[in-house]
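Step one of this worksheet: look at the structure below.
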Amino acid sequence: MEDEDHHSDYLIDFKEGRLRAESTRGVPLNNKFFVRAFAIRAAATVANFGRVIELMRGDSRTELCNMARAHCQYVVISSFASSIDNVTVERSDIRRVLHRLFKFYASNIILRYAPEFYLSECLSLEIHRELDSLNRTLAEEIRPEIVGLAESIRFTT
């Protein structure tokens with residue numbers, strides 16, 4: 001996956017070895033980390049779905065639902081990250097709030113679906129602890145920023 005291209009074909013990248021779980025290790029918790037983690041997890045659920053169908057074990061509807069959810073979450077995360085990169089806001093405080101919202105949203109999803117991220121090997125105990133700490137910090141800091149963002153939008157429309 002190229003750094004600038006948040007919308008690459010993650011399935012082909014995963015299959016051809018360009019998208020590996022190691023690419024999330026040692027990376028700071030920035031937009032690139034979150035987009036890669038969600039891409040790896042989505043590709044891993046597709047691979048798992050193929051194994052379930054091949055072995056005819058488990059409920060294929062459950063696996064299909066997991067695969068669809070992972071793909072949709074990847075699309076939302078990659079689109080959110082891309083939109084933050086492309087936003088042309090003169091006020092840097094709005095960009096900062098959007099960036100924090102992105103991190104809060106992405107870390108919440110990763111923590112909620114941690115087993116899937118662990119199985120795709122893009123989440124380790126160390127990263128999990130970092131995300132948990134980040135999530136708590138952002139939850140405390142983000143409330144006043146959200147109120148300010150909502151008020152600034154209300155006054156500009």
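With full-length UniProt numbering, letter number 19 in the sequence shown gets 19, and the count goes up by one each step, no holes. We put the beta carbon where it would ideally sit given N, CA and C, even for glycine. These numbers were taken from a predicted model, which means no experiment stands behind them.
Residue i at chain B interface by Cβ criterion, 8 Å
i      : result
Pro115 : Protein chain content of the structure displayed is limited to a single chain, and chain B is not contained in it.
Spatial neighbours of residue i in its chain, beta-carbon cut-off 7 Å, leaving aside the 5 residues before and after
i      : result
Gln73  : Phe38, Ile109
Ala77  : Ala is not the amino acid found at residue 77; the sequence shown has Ile there. Result list for Ile77: Phe34, Val35, Phe38, Ala106, in chain order.
Val147 : none
Tyr113 : none
Leu111 : Leu131, Asp132, Asn135
Close-in-space but distant-in-sequence residues of the same chain around residue i (CB under 8 Å, 5 per side omitted)
i      : result
Leu134 : Leu29, Lys103, Ser107
Assigned secondary structure, residue i (DSSP; H/G/I helix, E/B strand, else coil)
i      : result
Leu29  : coil
Cys65  : helix
Glu145 : helix
Met1   : Unreliable placement is indicated for Met1, whose pLDDT of 41 sits below 50; the coordinate value is still reported in the next sentence. Three-state result, Met1: coil.
Val97  : helix
Glu121 : coil
Tyr113 : coil
Val87  : coil
Cβ shell of residue i (< 6 Å), same chain only, five flanking positions each side left out
i      : result
Phe80  : Phe102
Ala139 : none
Glu116 : Arg41
Local Cβ density within 10 Å of residue i, reported as buried at 16 or more and exposed below that
i      : result
Thr88  : exposed
Ser83  : exposed
Cys122 : buried
Glu141 : exposed
Val97  : buried
Asn66  : buried
Ala70  : buried
Beta-carbon gap between residue i and residue j smaller than 8 Å
i      : j      : result
Ala44  : Ser120 : yes
Arg100 : Glu63  : no
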